[in-house]
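**Student:** Residue numbers (numbering that gives the first Met the number 0), protein chains in the order written: chain C, 0 to 342; chain S, 0 to 342. Just so you know, even glycine gets a beta-carbon here, dropped at the ideal spot from N, CA and C.
There are 2 protein chains.
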Amino acid sequence: MKKIVVLGSTGSIGTQTLDVVRSHPGEFKVIGISAHSNGDLFEKQRREFAPKKAVIKEVGENKEDFNERVCELAVLEEADIIVNAIAGRAGLQPTLAVCRAGKILALANKESLVMAGESVMNSARKNGAKILPIDSEPSAIWQMLEGERPESIEKIILTASGGPFWSRSREQLEKVTKEQALNHPTWKMGPKVTVDSATLMNKAFEIIETRWLFDVPPEKIDVVIHRQSAVHSFVQFTDGNLKAVCAAPDMRVPISYALFYDEKKKTRVLNKLPRLDLSKMNMTFEKPEHSVLEGPKLAYEALKRGGDAEGKLCIADEIAVEKFLKGEILFLGIYDFIKEYIK
Amino acid sequence: MKKIVVLGSTGSIGTQTLDVVRSHPGEFKVIGISAHSNGDLFEKQRREFAPKKAVIKEVGENKEDFNERVCELAVLEEADIIVNAIAGRAGLQPTLAVCRAGKILALANKESLVMAGESVMNSARKNGAKILPIDSEPSAIWQMLEGERPESIEKIILTASGGPFWSRSREQLEKVTKEQALNHPTWKMGPKVTVDSATLMNKAFEIIETRWLFDVPPEKIDVVIHRQSAVHSFVQFTDGNLKAVCAAPDMRVPISYALFYDEKKKTRVLNKLPRLDLSKMNMTFEKPEHSVLEGPKLAYEALKRGGDAEGKLCIADEIAVEKFLKGEILFLGIYDFIKEYIK
Numbered sequence: 000m001k002k003i004v005v006l007g008s009t010g011s012i013g014t015q016t017l018d019v020v021r022s023h024p025g026e027f028k029v030i031g032i033s034a035h036s037n038g039d040l041f042e043k044q045r046r047e048f049a050p051k052k053a054v055i056k057e058v059g060e061n062k063e064d065f066n067e068r069v070c071e072l073a074v075l076e077e078a079d080i081i082v083n084a085i086a087g088r089a090g091l092q093p094t095l096a097v098c099r100a101g102k103i104l105a106l107a108n109k110e111s112l113v114m115a116g117e118s119v120m121n122s123a124r125k126n127g128a129k130i131l132p133i134d135s136e137p138s139a140i141w142q143m144l145e146g147e148r149p150e151s152i153e154k155i156i157l158t159a160s161g162g163p164f165w166s167r168s169r170e171q172l173e174k175v176t177k178e179q180a181l182n183h184p185t186w187k188m189g190p191k192v193t194v195d196s197a198t199l200m201n202k203a204f205e206i207i208e209t210r211w212l213f214d215v216p217p218e219k220i221d222v223v224i225h226r227q228s229a230v231h232s233f234v235q236f237t238d239g240n241l242k243a244v245c246a247a248p249d250m251r252v253p254i255s256y257a258l259f260y261d262e263k264k265k266t267r268v269l270n271k272l273p274r275l276d277l278s279k280m281n282m283t284f285e286k287p288e289h290s291v292l293e294g295p296k297l298a299y300e301a302l303k304r305g306g307d308a309e310g311k312l313c314i315a316d317e318i319a320v321e322k323f324l325k326g327e328i329l330f331l332g333i334y335d336f337i338k339e340y341i342k
Numbered sequence: 000m001k002k003i004v005v006l007g008s009t010g011s012i013g014t015q016t017l018d019v020v021r022s023h024p025g026e027f028k029v030i031g032i033s034a035h036s037n038g039d040l041f042e043k044q045r046r047e048f049a050p051k052k053a054v055i056k057e058v059g060e061n062k063e064d065f066n067e068r069v070c071e072l073a074v075l076e077e078a079d080i081i082v083n084a085i086a087g088r089a090g091l092q093p094t095l096a097v098c099r100a101g102k103i104l105a106l107a108n109k110e111s112l113v114m115a116g117e118s119v120m121n122s123a124r125k126n127g128a129k130i131l132p133i134d135s136e137p138s139a140i141w142q143m144l145e146g147e148r149p150e151s152i153e154k155i156i157l158t159a160s161g162g163p164f165w166s167r168s169r170e171q172l173e174k175v176t177k178e179q180a181l182n183h184p185t186w187k188m189g190p191k192v193t194v195d196s197a198t199l200m201n202k203a204f205e206i207i208e209t210r211w212l213f214d215v216p217p218e219k220i221d222v223v224i225h226r227q228s229a230v231h232s233f234v235q236f237t238d239g240n241l242k243a244v245c246a247a248p249d250m251r252v253p254i255s256y257a258l259f260y261d262e263k264k265k266t267r268v269l270n271k272l273p274r275l276d277l278s279k280m281n282m283t284f285e286k287p288e289h290s291v292l293e294g295p296k297l298a299y300e301a302l303k304r305g306g307d308a309e310g311k312l313c314i315a316d317e318i319a320v321e322k323f324l325k326g327e328i329l330f331l332g333i334y335d336f337i338k339e340y341i342k
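1. Using DSSP's beta-bridge definition, name the partner residues of S:Thr158.
2. Restricting to Cα atoms, I'd like to know which of S:Glu218, S:Ala197, S:Ala247 is closest to S:Val291.
3. Would you give the residue range spanned by the beta strand (DSSP E) that C:Ala298 belongs to?
4. By the DSSP assignment, the beta strand (DSSP E) with C:Leu272 in it spans what residues?
5. Using a 10 Å radius around the Cβ and a threshold of 16 neighbouring Cβ atoms, would you call S:Gly326 buried or exposed?
6. Buried or exposed: which applies to C:Gln171, given that a residue is buried once 16 or more other Cβ atoms fall within 10 Å of its Cβ?
7. Let me know the secondary structure DSSP gives C:Val69 once reduced to three states.
8. Which complete beta strand (DSSP E) runs does the segment 74 to 143 of chain S hold, if anything under 3 residues is left out?
9. At a CB distance below 7 angstroms, what residues from the segment 279 to 301 of chain C approach chain S? Give them in sequence order.
10. With distances taken from CA atoms, which of S:Ser118, S:Leu91, S:Arg169 is nearest S:Lys109?
11. Any residues in the segment 10 to 21 of chain C with a beta carbon nearer than 7 angstroms to a beta carbon of chain S? Which ones, in chain order?
12. So, using beta-carbon positions, are S:Tyr260 and S:Leu112 closer together than 8 angstroms?
13. Determine, using beta carbons only, whether S:Ala107 and S:Ser232 come nearer to each other than 8 angstroms.
14. Within 8 angstroms of any Cβ in chain S, is that where the Cβ of C:Cys313 sits?
15. S:His289: buried (16+ other C-beta within 10 angstroms of its C-beta) or exposed?
16. Within the chosen definition, does the segment 57 to 64 of chain S reach the segment 310 to 324 of chain C through at least 3 CB pairs nearer than 8 angstroms?
17. Does C:Glu218 have its Cβ less than 8 angstroms from a Cβ in chain S?
18. Check whether the Cβ of C:Glu117 lies closer than 8 angstroms to any Cβ atom in chain S.
19. Is the CB of S:Cys70 under 8 angstroms away from at least one CB in chain C?
20. Given a threshold of 16 other Cβ atoms within 10 Å of its Cβ, counted over all protein chains shown, does S:Ser228 qualify as buried or as exposed?
21. If we cut at 8 angstroms on Cβ distances, does S:Thr209 have a partner in chain C?
22. Below 7 angstroms, is the gap between the Cβ of S:Lys219 and the nearest heavy atom of the ligand GDP?
23. Mind checking whether C:Leu144 and C:Asn83 have CB atoms under 8 angstroms apart?
24. Quick one: measure Cβ to Cβ for S:Val19 and S:Ile81, integer angstroms, because I've assumed they're closer than 8 angstroms.
25. So which of S:Val222, S:Lys52, S:His225, S:Asp276 has the shortest CA-CA distance to C:Leu241?
26. Would you give the residue range spanned by the alpha helix (DSSP H) that C:Leu283 belongs to?
27. For S:Leu75, which residues in the same chain have their Cβ closer than 7 angstroms to its Cβ, ignoring the five residues on either side in sequence?
28. Answer with buried or exposed for C:Gly306, where buried requires no fewer than 16 other C-beta atoms within 10 angstroms of its C-beta.
29. Helix, strand or coil, according to DSSP, for C:Ile328 in the structure here?
30. Can you tell me where the beta strand (DSSP E) holding C:Ser11 begins and where it ends?
31. With 16 as the cutoff for other CB atoms within 10 Å, does S:Gly146 come out buried or exposed?
32. Compare the beta carbon distance of S:Ala243 and S:Leu199 with 8 angstroms and say whether it is the shorter of the two.
Okay, structure coming up:
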């Protein structure tokens, strides 16, 4: 049995990870869980999985102390695989701790690579840690690059649903409300990620993530709008072949791929997750270049600038979305705020 | 330099193979060519590539004698890779010869696997020969299965353009002329293959080819109609992931993949062949089950029956298409003739 630690166990990815564990009895032993909030669910999980160690933020505990306890949990000696499903920037320290410990990290926390992609990957390399992405796009890319040589990559093409506002004009976007922004057409996610999906800032972060995770230069990363979210990304190879990975929009698919991954055995698990029904698909693809939703543009700029530009982009977006959700700025004001912040 | 023999050098795949060779100077030395007809082109090829051995059917030479000379060419001691681009059933003997010689066979001749898939694959296995498919669908499948375990395959889904008559009613199909049948929407091919594409018999043969080439049982092979011919096939895996390989409809793409394939190095060549422009794509997929174009159905029946049923299907189709092209039978009469023949 693989011994597993789940950081952020009460969040969307955390609960789905435990769902995958639950549906494969005998495969995993949950030895640690951590949560920032949602104490009731946390208690239920603790009773169900009986982990050796369980960490939840105490009332009045400060961020740093809690984070330290999470990092200790993240590097439990016996752990075979650590799932980092923490939301936001708080996920970075545990990621670095797991890398230093040279363990296998199943990484759903995008901010780790956006804030410090280069250091994280360097540390992983130096300490023999493995980073297995949990997210539909990087999981797709990972699968497409298995057995391929880096020099065969001509382009990595990230697909983007375009969110709820794709193809709306600037005038229409100026009137977007919080309620509209929180209503994503395909995925059910937390509010921050849902707004990021509407602004295409989530795609911006994926561009940065892809750049570091797969060690490809930004000019080899493209974005294509694919409203149906069936194809989770493409890789264009130098010989004219183009690979794609598709799946039903269910996070348990990339979670399963990461949890069951074995470098030597190359196992894929047998599961009953929904399959994509091709016969009902009509797939379209559009270029996003001229969109008012300028998330991707900001990512390329940050990567070009280097230094702390990527981290600043991440922080700026976090603050901007918070302001938008509080009603302090308009939807398009998110871009204005970010641009001012990273200037 | 890889030493290469091209059988069927004046045909569509043969000339495109030499095209790939020509655009990569220093990579290949053509040491043998053979042709059944088109003497002028053959002479030009002989002058350009100066092969050690060149075989063309002499006036009045009988099939068997010519075939024997082709087989001798196919097993030239120095050859590193033999491309079998012979049209029709005549390709089988050279395929078997290369398998017995334990060489690398780049196989465009579909009939080899339709007539004798099991024996061909057994012989290849026994003698250490490698069979690398040259055709868009099996090349796509081959790429998708690299690094995957056989037990992870849930389904191989062959895409079919549907040919010029997809979605026509039985009444309309009864009136189809030879000229209409020879006008394929996407690919430019010889007359036999073009008619096979209109009847979906080409897909029938690909089902049989796939069954043997990748050693998957027929119940794991599906067909989906995909009018745009952008996706060349899908593989559905047991964990819910679905891979696809797309490419522009240019045979030089699968030819390049096979010619440059190196089991250890996993090299993909850099070429200037056309890339698929995703932003112009609108991809649709339909189930073919209820179509009047019953090619695939006949393949599943033949595979179920076993024995010489697959070979008979192949011969029956060859005769039927000849009769159709001569105006002796109607378009739908092709199915009637085949069903009567294989009874």
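**Tutor:** Let me spell this out:
1. For this step, residue 158 of chain S is matched to residue 159 along the second sequence. Per DSSP, S:Val223.
2. Locating residue 291 of chain S in the second sequence gives position 292, counting from the first residue. The shortest C-alpha separation from S:Val291 is found at S:Ala197.
3. As a working mapping, residue 298 of chain C is identified with position 299 in the first sequence. C:Ala298 -> not in any beta strand (DSSP E); alpha helix (DSSP H) instead, spanning 294 to 304.
4. Here residue 272 of chain C corresponds to residue number 273 of the first sequence, with the count starting at 1. That residue, C:Leu272, is in no beta strand (DSSP E); it is neither H nor E in DSSP.
5. The residue labelled residue 326 of chain S in the question sits at position 327 within the second sequence. It is exposed - the Cβ of S:Gly326 has fewer than 16 other Cβ atoms within 10 Å.
6. Here residue 171 of chain C refers to the residue found at position 172 of the first sequence. Exposed is the call here.
7. If you number the first sequence from 1, residue 69 of chain C lands on position 70. Reduced to three states, the DSSP call for C:Val69 is helix.
8. 80 to 83, 103 to 106, 129 to 132
9. Met280, Asn281, Met282, Thr283, Phe284, Glu285, Lys286
10. Locating residue 109 of chain S in the second sequence gives position 110, counting from the first residue. For the residues S:Ser118, S:Leu91, S:Arg169, the minimum Cα distance to S:Lys109 belongs to S:Leu91.
11. none
12. Here residue 260 of chain S refers to the residue found at position 261 when the second sequence is read from its first residue. Here residue 112 of chain S refers to the residue found at position 113 when the second sequence is read from its first residue. In this structure, S:Leu112 does not lie closer than 8 angstroms to S:Tyr260 by Cβ.
13. Indexing the second sequence from 1 puts residue 107 of chain S at position 108. Indexing the second sequence from 1 puts residue 232 of chain S at position 233. It is not a contact, given that the beta carbons lie outside the stated cut-off.
14. Translated into the one-based positions of the first sequence, residue 313 of chain C becomes position 314. Judged by the 8 angstroms Cβ criterion, C:Cys313 is not in contact with chain S.
15. Within the second sequence, the letter at position 290 stands for residue 289 of chain S. Looking at its Cβ environment, which holds fewer than 16 other Cβ atoms inside 10 Å, S:His289 is exposed.
16. no
17. As a first step, residue 218 of chain C must be located in the first sequence, where it is residue number 219. Chain S contact via Cβ: absent.
18. Here residue 117 of chain C refers to the residue found at position 118 of the first sequence. No - not a single Cβ of chain S is within 8 angstroms of the one on C:Glu117.
19. Here residue 70 of chain S is taken as the residue at index 71 of the second sequence, counted from 1. No, no contact with chain C.
20. The residue you call residue 228 of chain S lines up with position 229 of the second sequence. Buried.
21. In the second sequence, the residue the question calls residue 209 of chain S occupies position 210. Not an interface residue.
22. The model on display carries no ligand, and the ligand GDP is accordingly not part of it.
23. Here residue 144 of chain C is taken as the residue at index 145 of the first sequence, counted from 1. Here residue 83 of chain C is taken as the residue at index 84 of the first sequence, counted from 1. Against a cut-off of 8 angstroms, the Cβ pair of C:Asn83 and C:Leu144 comes out as no contact.
24. By 1-based counting over the second sequence, the position of residue 19 of chain S is 20. By 1-based counting over the second sequence, the position of residue 81 of chain S is 82. Not confirmed; about 15 angstroms, so no contact.
25. Along the first sequence, read from residue 1 onward, the residue named residue 241 of chain C stands at position 242. Checking every option, the nearest Cα to that of C:Leu241 belongs to S:Asp276.
26. Translated into the one-based positions of the first sequence, residue 283 of chain C becomes position 284. It is Thr, not Leu, that sits at residue 283 of chain C in the sequence shown. Unbroken run through C:Thr283 is the beta strand (DSSP E), 281 to 283; no alpha helix (DSSP H).
27. Counting from one through the second sequence, the residue named residue 75 of chain S turns up at place 76. Only Val4, Ile30, Gly31, Lys52 meet the Cβ criterion.
28. Here residue 306 of chain C refers to the residue found at position 307 when the first sequence is read from its first residue. By the neighbour-count rule (16 or more Cβ atoms within 10 Å), C:Gly306 is not buried but exposed.
29. Taking the first residue of the first sequence as position 1, residue 328 of chain C is located at position 329. Of the three classes helix, strand and coil, the one that applies to C:Ile328 here is coil, per DSSP.
30. As a position in the first sequence, residue 11 of chain C is number 12, starting the count at 1. From DSSP, C:Ser11 is part of no beta strand (DSSP E) but of the alpha helix (DSSP H) over 11 to 21.
31. Along the second sequence, read from residue 1 onward, the residue named residue 146 of chain S stands at position 147. S:Gly146 comes out exposed.
32. As a working mapping, residue 243 of chain S is identified with position 244 in the second sequence. As a working mapping, residue 199 of chain S is identified with position 200 in the second sequence. For S:Ala243 and S:Leu199, no; Cβs fall outside 8 angstroms.
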